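Peer 1: Here you go, one structure.
Number of protein chains: 4
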Amino acid sequence: MSVKDFVQKRREALIELRRDFHKYPETAWLEYRSAAKIAATLISLGYDVALGEEVLDLDSRMGLPSKDVMSAAMARAIDEGANPELVEKLGFGKTAIVATMKFSDQGPVVAFRVDMDSNDVIESKESDHAPVKGGYRSCHDKAMHACGHDAHMAMGLGLAEYVAEHKDQFKGTLKLIFQPAEEGVRGAKAMVNAGVVDDVDYMFGLHIGFNENYANCFACSNHGFLATTKLDAVFHGYAAHAGSSPEKAKNAMLAGCTAVLNLQAIARHGKGASRMNVGIFESGTGRNVTPDTAVLKLETRGATTEINDYVIGRAETIIKAAAEMHDCSYEITKQGETPSCRMSDELAPEIQSIIKPLGIFRDVPLDYSGGGSEDCAYFLNRVISRGGMGTYMLVGSAIKAPHHNPLFDIDEEDMLNGVIALGTIAAHYLK
Amino acid sequence: MSVKDFVQKRREALIELRRDFHKYPETAWLEYRSAAKIAATLISLGYDVALGEEVLDLDSRMGLPSKDVMSAAMARAIDEGANPELVEKLGFGKTAIVATMKFSDQGPVVAFRVDMDSNDVIESKESDHAPVKGGYRSCHDKAMHACGHDAHMAMGLGLAEYVAEHKDQFKGTLKLIFQPAEEGVRGAKAMVNAGVVDDVDYMFGLHIGFNENYANCFACSNHGFLATTKLDAVFHGYAAHAGSSPEKAKNAMLAGCTAVLNLQAIARHGKGASRMNVGIFESGTGRNVTPDTAVLKLETRGATTEINDYVIGRAETIIKAAAEMHDCSYEITKQGETPSCRMSDELAPEIQSIIKPLGIFRDVPLDYSGGGSEDCAYFLNRVISRGGMGTYMLVGSAIKAPHHNPLFDIDEEDMLNGVIALGTIAAHYLK
Amino acid sequence: MSVKDFVQKRREALIELRRDFHKYPETAWLEYRSAAKIAATLISLGYDVALGEEVLDLDSRMGLPSKDVMSAAMARAIDEGANPELVEKLGFGKTAIVATMKFSDQGPVVAFRVDMDSNDVIESKESDHAPVKGGYRSCHDKAMHACGHDAHMAMGLGLAEYVAEHKDQFKGTLKLIFQPAEEGVRGAKAMVNAGVVDDVDYMFGLHIGFNENYANCFACSNHGFLATTKLDAVFHGYAAHAGSSPEKAKNAMLAGCTAVLNLQAIARHGKGASRMNVGIFESGTGRNVTPDTAVLKLETRGATTEINDYVIGRAETIIKAAAEMHDCSYEITKQGETPSCRMSDELAPEIQSIIKPLGIFRDVPLDYSGGGSEDCAYFLNRVISRGGMGTYMLVGSAIKAPHHNPLFDIDEEDMLNGVIALGTIAAHYLK
Amino acid sequence: MSVKDFVQKRREALIELRRDFHKYPETAWLEYRSAAKIAATLISLGYDVALGEEVLDLDSRMGLPSKDVMSAAMARAIDEGANPELVEKLGFGKTAIVATMKFSDQGPVVAFRVDMDSNDVIESKESDHAPVKGGYRSCHDKAMHACGHDAHMAMGLGLAEYVAEHKDQFKGTLKLIFQPAEEGVRGAKAMVNAGVVDDVDYMFGLHIGFNENYANCFACSNHGFLATTKLDAVFHGYAAHAGSSPEKAKNAMLAGCTAVLNLQAIARHGKGASRMNVGIFESGTGRNVTPDTAVLKLETRGATTEINDYVIGRAETIIKAAAEMHDCSYEITKQGETPSCRMSDELAPEIQSIIKPLGIFRDVPLDYSGGGSEDCAYFLNRVISRGGMGTYMLVGSAIKAPHHNPLFDIDEEDMLNGVIALGTIAAHYLK
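Protein chains in written order, with the UniProt record's numbering: chain B, 1 to 431; chain A, 1 to 431; chain S, 1 to 431; chain E, 1 to 431.
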C-alpha cells in the first residue's frame, strides 16, 4: 500500500491519537503517560524498544523538576491509564525512547527524531478554540501542547506503523527517537551523549506549524536555528516593614525589575540575530513587607554560538550589578542549552525532488529560516561531525495563534501530509 | 490579687499560650484555630461571646481569600484541634469575636482591641532563632507571626482571665474585641460597621515590638499612624514565541517592571511622610514564552489621608501608562484601606500617671510616632467621633529583626509587662 | 523716624532696587554685578565693608564654575555698570561681603545674613508674568531670581540704610552678611570658616516666599531645615556605530537612566523626611552614535544628617552598580553640602512678641517647617555652638508658582513688611 | 596614463587633500568650506558645476540646523579660506554639488555619489591617534570625520581629476554628485527630488572602512542596508522646588529615562534586523529644581521598511505612555529618514570581473552585509525604478576604532586603492 493510501486509511486513528496527546499534555521530563503509550505501541508493532537509562546519559540532563513534582506526574500518568511498569522504567527524569527496526545487515541507518513535551501554558477556554469545541482541551493544570509536539508524536507513530506494516520493502535500519524535554532544550544532549545516534547515517528532525506564509508547505532544511541558553537568576535581599522602616529593606524586587528592563535592552548584535526573554518573574512574600527575594527565568539566543555568548555575558553583568545596586546577593544557574547548527547542504535538494512530486504541498522550498532554537541540533551536529548527513524539516501549517500562545492550534490535514512525507523519505533512504 | 501577682502566677501559662499561637500562625481571614481557641477560652471564663456574623458587616470586609483557601484552612484548624462548631460559625470570612462582661449598669463601657492574624512570611530556620530553639517555629507553610499578634492574643486572654477572676472589683462593662485581618487593614471596618463599638466610652488598641529605642518602654499614645490603601494591579498582554516572533508580544512583565520602578520613584510629599511598597510581583508562564500577565500587590501610605490620596493618584496614573506603553490591558482593585487617626490628647497623660508608678517599664513616654498603619484607626475614629475617647498604646520590646522579617521575635518579658499594664488600665477605667 | 515710616518713604526706591536685581540675575559665585552694587551702596552708607578674600576661607568654597565662565560673568558685570575695581576684588569666586557698623563698645554683636545668587532657570515670557509686564524680566540667559534672593538683597540694603540713618539710636555692633552661592549650598561654609561670625551674639537668617498658607505671615523660626549634599556623577562608556556594531557599545545613557530611576526610587526613611532630586541629566554626542558619556547633577536631603547620609550611601551604591551594569567607568564629586540645624528655642517667642504688635502681618507663628535646605545652617550652628543664639525667619508671601519655577514671583508688599520686621528686630537687640 | 600610475603620481596630493578635509570637519548642512573647495576644484578641472538651489528640492530637506548655527558656520568657512561667493550660493542649507562632464552625445550617463559631512564626535587627543601625530586633528569643536567622508571627498576629487585629464578616452556623460547631510540621512532625498539622477543609467555609491574582516577588500555590492528614521522627542513637565514641594513636580526626566529604557528594550523582530538608538538625552535646568524638560534624539532601523515601521510604532507608543506616566506633554518630530534598498544583482559580478584583475585588493567579494543605513538608497532606488542599474560598493579598510568613535581612522592606502577602483569602473562604463 502506498503511504498516501495508508494515511487515508488511518486518517481518523491518527487524528484521534493526536487529540489524545493534546488532552493530556505533559511538560518537560514529565512525559510519563505520553512515553508509556508510545513505548507500548512501538513494542506491539514489533520494534526493539530501548528506554530510560538505556538511552540517556543521566549527568547530561538539564533542568529536571523536583522529585515531588516527578512523583506526582508519575502517579497522574498511571491514574490516566499508563502502564505502571513502563512508567517505573521512565521514572524520575528518564522519559526517553529509542525504537529500532533492522531490515537488513547492509544499508544505511536512518533516524527520525520526535519530541514529546508540552508547554507551561494555560490553554484557552474560548468556545471557538478547536480543542474546546472538540472536547480535547488540556485536562492538566498549567500545561498545553502549544507547540505541536502532540502532532509530532502522532506523526512518529504513524511512520512507525506504516514502516512496520511494510517492513519487507525496506533495507538497512530505522531508528525512531522520542525525546523528552525539548522545551527548554534540556533533553537532547543526554540522549546524544548516551551514543544513540553514533551509528546513524541519515538524521532527520522535523517540526509542524510556524507561520501563515508556510501554510501547507514542506521546507526541506532550516538554516535559521538559534543557539540558546536557559538561565535562572535568584536575588536575595532583606525583608523589612514597609511602613515603619523601609530604609532597612534590601529590595530584591527592585533588583529584579532593574535587571529585567536592562536585560531586554541588551544591544542588538551587528552580526546577526540575538534574543533575550525573561519569561517568568516572581518576587516578594507579602504586600506590606519589602520583597526579599526575586526569581527570574530567562533565555538567551543567538544566530551563532558567539552571538549567544555575547548575550549571556551581558546578562551576567547586568544581573550582578542589579544585585549590587540593591545590596542583594544572587545566584545564576544554567537550566538548558543548545548550540546553533548547520544542516547538510546536499540533503535539501534531494528531499525536494522526492516530496514535490507527491503533489500534497502548496510549495516545497529548500529552506526555512525561523528564529527558533531546537536541541535537535545536538543530534544533527553529532551525526554530521561523524560523517553522516542530517537536516531539519518544516511541515508548515496555518496556525491559529503564535507558538506557545493559549490559542495555538495546527491544521490536522498538514499533520497527515507530514506522515506521508516522512514515510516517503524513509522509503527513499531505506532501500 | 494584684495584676502583678496574677501575671507572676500565670507567667508560664501565658508564655505557653503565646508560643502555641506562634506555632500555628493563620493569615488574614483564616484565623480559625486561633479564634476558636480564644472563643472557647472566653466562654469558659464566663464572658458573653458574640461571633462571626453577629459582629461583622459582611459587605465591609476587604481582601477575602478564595473559598477553596478558606475551606482548606478550616479543615486544617479542625485537624489541629479546633472546635468544629465554632469553626463553622467563624467559617468563610467571619473570624471575629466580641466578648462582653457587664459588672454594673452604671459605669463606662471600656473596650480593648486585639488582632489575631499572622503574616505571609516564611519563618527562619536559623538555629539560634528562639522559636526554632524552643520548638515552636511555625508549622504552617508561608505563614509566620512576624508582627507580634501571637503576643497580642496572649495578652488579651491574660487580661480576660485576670478580669474574670476579679470581676467583683470592676464597675461598668468590659468589651474584648478580637479582630481578624489587621494585616492588609481588611478586618476592622467590617466590625466597626456592625456597630460593635457604638456604645464604647473608652477605646484602647495596642501593639508590641517596634524598635530598639523603645525596648521595655510603654508609650501611651501613637500620633504616627499612616493612612493606607492596599491595591492589586493586573496587566494582560499577549504571549508569543520568544525566539521566532518576539515582535508579536505584548509584554506584561515589562509593563509590570516599568510600573514597579516608577511606583517606587513616586515623589516624596513636602507636607509629610508617604510610603509605597510593591510587596508581590508575579509574571509570566514559561521561559520561552513572552510573558502575558503580571500581578502587582502594593500598598500606599500617607501621614494624612490627603497625602495617601496623592500617592494613590500617582500610582493609578503610572499603572495605566505602563499598561499602555506595552499595549496591555489592566485592572486595579482595592484590597484594603484605613484612614489616618488622631488620638484623644487627654488620655495619654492619664495613662502615663497610672503606668509609670508600676515601675516595670524603663520609660513611659507620652507618644510614639512610627510609620505604621493600623485599621484600629476605624475603632478609634468611630468612638471619638461619637464623643468617647481612645488611644493606641505601644508595648516596646527589643525585637530581633524588623517587623515582618523571618527572624522577627519579641521579648516575652515585655509581653508579660503588657498584661500588667492592660490590667492596670482596665482597673483604672472600670471603677 | 519709625522703621514703618522709613519704609513708607523709601517704598518706590526699595521696589526699584529689587526689580533691578531681578533683571540682572547672577548664579552662584557669579554675583559680580549684584555684589559690587551692594558693596558700593554699603560703603556710601558709611559701613566698614570687608570683601572677597578677607571674608572667605578659599579652600572651603564648593562648586565653583570654571575660570572661563567666571571671566565672562565679570566682564558682563562691568558692561552692566559694575565698578571694575570692586569686581576685581570679588573676582574668581570671591563674591562675599561683610559690612560692619559699630555703635558702641558695649552691647551685643547682631548679624543678619542675606544671599545674593539666582537660579539656573529660564524665566517665563508669559505676558501676565509681572516681570514681563513690568519690563524687568531677566536679561541674562538661563538665569532667573526664582527664589526671592533679589528681594533678600533689597531687604538687606533697606535695613542697612535705615540703621545708617538712625545710627545714634543703636548700641553694640551690626554685621550685614551678603553671602554668595546659597543655591547649591556652596558659599556659607567658606564665610563661616573665615571666622566672620565668631564674635556674633545674635544671628538672623531669613527667607521670603514659601507657600500660600503663609501669605503675609512672619514665622519666627524654622525647624524644618533639611541637611543636603550636592553631587555630580559622570559615566564614561564607549561610542560605537549604532547601526553596524551596537554590541560594541558601552552605553553610558542606559547607565544614567537606570541610575536616575533607581535613585528616585531610594526607599523612604522611617525616621523622617528624605529627598532625592536628579536635576540635570545630559548624555550622548550624536543620534547614530551609542552614547559614551552621561552626566547627572543631583542632590540628597534628610531631616537629619543621619538620614541624609543614608540617602548618599544608597546613591553611591546605585551609581556604582549602574556603571558596572553597562561596563562604564564613573566618578562622583561633591559640589556642595550643608548640615541640618536646630534653632535657639528662646528666640522665637521673643521675636513673636515684638513683631506681632506691628500689626502688619496676618499671623506671626512661632515656627515654619518646610522642606528646604539652607547653608545659613553653618552660620547658625557656629554662633549657637559658641554660646550665641540664632534663628531663621520666614517672610511668607503669596507666590505665583513654586520656588525655582519659571513663573515664580513674590508679593512686593511682603518684602516691604520684611524690611520693617528686620529694622524692628535690629532695634530690639541693638540697644 | 593608467589610473594606477595616475594615483601613484598624485599620491601625496590626495593624502594631503584628505587630511585637509579631516582637519576642518563640518557637520550636516554646514559643509561650506568643504563644498566650496570641492566646487572650486571641479570648476578649475573643467566640469559643468551646478550648485545649491539648482540641485536641491528645498522642501525635501530634513533636519536643518538653526539659522544662527548656519550663519556661524558660513562665517567660519570664509575665515578658513572658502570662496565667499560660493559660500553664499551654498548658504543656509544648500551645500549640494553636481559636476557634469559630457564626452559624447551617445553613451551612458554614469554617476558617482560622495558624501561630505562629518560627525558630532569630539576627536580623541590621544598621542598615538594618527591625526594627532600628523597634525591634522579636527580643529572644530564637537565635529570629527569619524566615518571616512573626508576620504570619500578626496576619492571623488581624485576620480574627477583623473577623468578630466583623460577625457578624450571616455564616452557618454559623467556625473559627480557631492551630497550634504548623509549623517542623519537628511540630504539625499532633496537632491533626488530635484531630479539630478533622472537621466542616469549607472549609479554608484561607495563607502570606506567598516571592519577588520574586510581590510583591503573591495565589495561590489551591499545588501545589508537598513531602512532608518530619525526622531526627536521632547517632554514638557513642571518645575518645582525639589526640597519643599517635590509632589508638585511633573518630572520630565523620569518620563525620559523610562522612555529610554523601554525604547532600548523594544522586542527584536523575528523577520530580520532592527535597531534602536537614543543617541542624545538632555534634561533639567538646575540641581534643586525638578526637571521640567527632556529632549531625546533617537533613530530606528530595520532590515526592511516594514521592520523599521514596527520599531517606529513601538517607539511612538512608548514615548506617549512615558509622558502620560509623569503627567507631561510631549511632541515627536521627524528629522530624517531613508528606505531600505535592493541593489541591481547584475552589476556586482561585472564589477568583480574588472576590479579583481587590478591585483590591489586582498579580496573582491560580491557582497557586504553590514548594519548601516545610507540615504544613497534614494539615489539607487530612483535610478533602478527608472530602468537604470546601481550598486553600492565598499572599500574595506583596517579601521582603528568603530565608525563614529573618537579614535576612528582609516588606512590611507585603501583610500588610494579606492581611487584606482573608481577610475577603473568609470573607464569601464564610460566607453
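The beta-carbon is built from N, C-alpha and C at its ideal position, and this holds for glycine as well.
Keep in mind it's a predicted model, so treat the numbers as computed, not measured.
Do we get a CB-CB distance below 8 Å when we pair A/Ser274 with the residues of chain S?
Peer 2: Yes, A/Ser274 lies at the interface with chain S (some Cβ there is under 8 Å from its Cβ).
Peer 1: Return the CA-CA distance between residue 432 of chain B and A/Ala321, expressed in angstroms with no decimal places.
Peer 2: Within the shown structure, residues of chain B are numbered from 1 to 431, placing residue 432 of chain B beyond reach of any answer.
Peer 1: Can you tell me where the beta strand (DSSP E) holding A/Ser71 begins and where it ends?
Peer 2: No beta strand (DSSP E) contains A/Ser71, which is instead part of the alpha helix (DSSP H) from Lys67 to Asp79.
Peer 1: Relative to the C-alpha of A/Asp5, which residue among A/Tyr162, A/Ile354 and A/Ala35 is closest?
Peer 2: A/Tyr162
Peer 1: How would you call E/Lys271, buried or exposed, if buried means at least 16 neighbouring beta carbons within 10 angstroms?
Peer 2: Result: buried.
Peer 1: For E/Ser397, I'd like the list of residues in its chain whose CB is within less than 6 Å of its CB, leaving aside the five on either flank, ordered along the chain.
Peer 2: Ile208, Gly209, Ile410, Asp411 and Asp414
Peer 1: Between which two residues does the beta strand (DSSP E) holding A/Val383 run?
Peer 2: Boundaries around A/Val383 are those of the alpha helix (DSSP H), Cys376 to Ser385, since no beta strand (DSSP E) includes it.
Peer 1: Who are the near neighbours of A/Cys139 in its chain, counting only those whose CB is closer than 8 Å to its CB and skipping five residues on each side?
Peer 2: Lys23 and Tyr24
Peer 1: Please tell me whether E/Cys147 and E/Glu183 are closer than 8 Å, where the distance is taken between their beta carbons.
Peer 2: yes
Peer 1: Give me the Cα-Cα distance between E/Phe178 and S/Gly52, rounded to the nearest whole angstrom.
Peer 2: 58 Å
Peer 1: Starting from S/Ala259, find everything on chain A with Cβ-Cβ shorter than 9 Å and list it in chain order.
Peer 2: What S/Ala259 touches in chain A: nothing, since even the nearest Cβ is about 12 Å away.
Peer 1: The alpha helix (DSSP H) with E/Thr285 in it runs from where to where?
Peer 2: Note, E/Thr285: premise wrong, no alpha helix (DSSP H); not H, not E.
Peer 1: How long is the line joining the alpha carbons of S/Gly171 and S/Gly387, rounded to whole angstroms?
Peer 2: Strictly speaking, residue 171 of chain S in this sequence is Lys, with Gly absent from that position. Between S/Lys171 and S/Gly387, the C-alpha separation is close to 20 Å.
Peer 1: What does E/Met253 reach in chain A if we use C-beta pairs closer than 7 Å?
Peer 2: Residues of chain A passing the Cβ test: none, with the nearest at roughly 11 Å.
Peer 1: For A/His236, does the three-state DSSP call read helix, strand or coil?
Peer 2: Note: A/His236 maps to strand in three-state DSSP.
Peer 1: Are at least three pairs of beta-carbons, each pair with one atom in the stretch 82-95 of chain A and one in the stretch 35-46 of chain A, less than 8 Å apart?
Peer 2: Yes, the stretch 82-95 of chain A is in contact with the stretch 35-46 of chain A.
Peer 1: Might you give, ordered along the chain, the residues of its own chain that have their beta carbon closer than 7 Å to the beta carbon of S/Asp375, omitting 5 neighbours on each side?
Peer 2: Closer than 7 Å at Cβ, skipping near neighbours: Glu182, Val185, Gly187, Ala188, Lys189 and Thr338.
Peer 1: Note down, one range per segment and in chain order, each beta strand (DSSP E) of at least 3 residues found wholly within the stretch 90-117 of chain B.
Peer 2: 97-102 and 109-115
Peer 1: Tell me whether the beta-carbon of S/Met191 lies closer than 8 Å to the beta-carbon of S/Leu56.
Peer 2: yes
Peer 1: Say whether chain E places a C-beta atom closer than 8 Å to the C-beta of B/Gln335.
Peer 2: no
Peer 1: Under a CB-based cut-off of 8 Å, is S/Arg137 close to chain E?
Peer 2: no
Peer 1: Between the beta-carbon of B/Ala252 and the beta-carbon of B/Asp309, is there less than 8 Å?
Peer 2: The answer is no: Cβ separation not under 8 Å.
Peer 1: State the Cα-Cα distance for the pair E/Pro84 and S/Gly284, rounded to the nearest angstrom.
Peer 2: 34 Å
Peer 1: When the Cα of S/Ser66 is compared with those of S/Thr27, S/Phe235 and S/Ala82, which residue comes out closest?
Peer 2: S/Thr27
Peer 1: In chain E, what lies closer than 7 Å to A/Tyr238 by C-beta?
Peer 2: Simply none; closest approach about 11 Å.
Peer 1: Using a Cβ-Cβ cutoff of less than 7 Å, which residues in the same chain neighbour A/Leu17 once the five nearest sequence positions on both sides are dropped?
Peer 2: Ala154 and Leu157
Peer 1: Please tell me whether A/Glu316 has its Cβ less than 8 Å away from any Cβ of chain E.
Peer 2: At a cut-off of 8 Å between C-beta atoms, A/Glu316 does not count as an interface residue with respect to chain E.
Peer 1: Given that E/Glu306 touches chain A, what residues does it touch there, using C-beta distances under 8 Å?
Peer 2: Within chain A, no residue comes near E/Glu306; the closest Cβ sits about 10 Å away, beyond 8 Å.
Peer 1: Buried or exposed: A/Thr229, going by 16 or more other Cβ atoms within 10 Å of its Cβ?
Peer 2: Burial is judged here by how many other beta carbons sit within 10 angstroms of a residue's own beta carbon; A/Thr229 has at least 16 and is buried.
Peer 1: Leaving aside the five residues before and after S/Ile420 along the sequence, list all residues of the same chain whose C-beta is less than 7 Å from its C-beta, in chain order.
Peer 2: Excluding sequence neighbours, S/Ile420 sits near Val3, Lys4, Val7, Leu358 and Ile360.
Peer 1: Any C-beta of chain E sitting closer than 8 Å to the C-beta of A/Tyr378?
Peer 2: So, not an interface residue.
Peer 1: Does any residue of chain A bring its CB to less than 8 Å from the CB of E/Tyr429?
Peer 2: no
Peer 1: Answer with buried or exposed for B/Ala75, where buried requires no fewer than 16 other C-beta atoms within 10 angstroms of its C-beta.
Peer 2: exposed
Peer 1: Give the range of the beta strand (DSSP E) segment to which E/Glu337 is assigned.
Peer 2: Following the DSSP letters along the chain, one finds E/Glu337 inside the beta strand (DSSP E) bounded by residues Ser329 to Thr338.
Peer 1: Going along the chain, which residues of its own chain have a beta-carbon closer than 6 Å to the beta-carbon of S/Arg382, five neighbours each way excluded?
Peer 2: Val192 and Val197
Peer 1: With distances taken from CA atoms, which of S/Lys250, S/Tyr202 and S/Arg61 is nearest S/Ala111?
Peer 2: S/Tyr202
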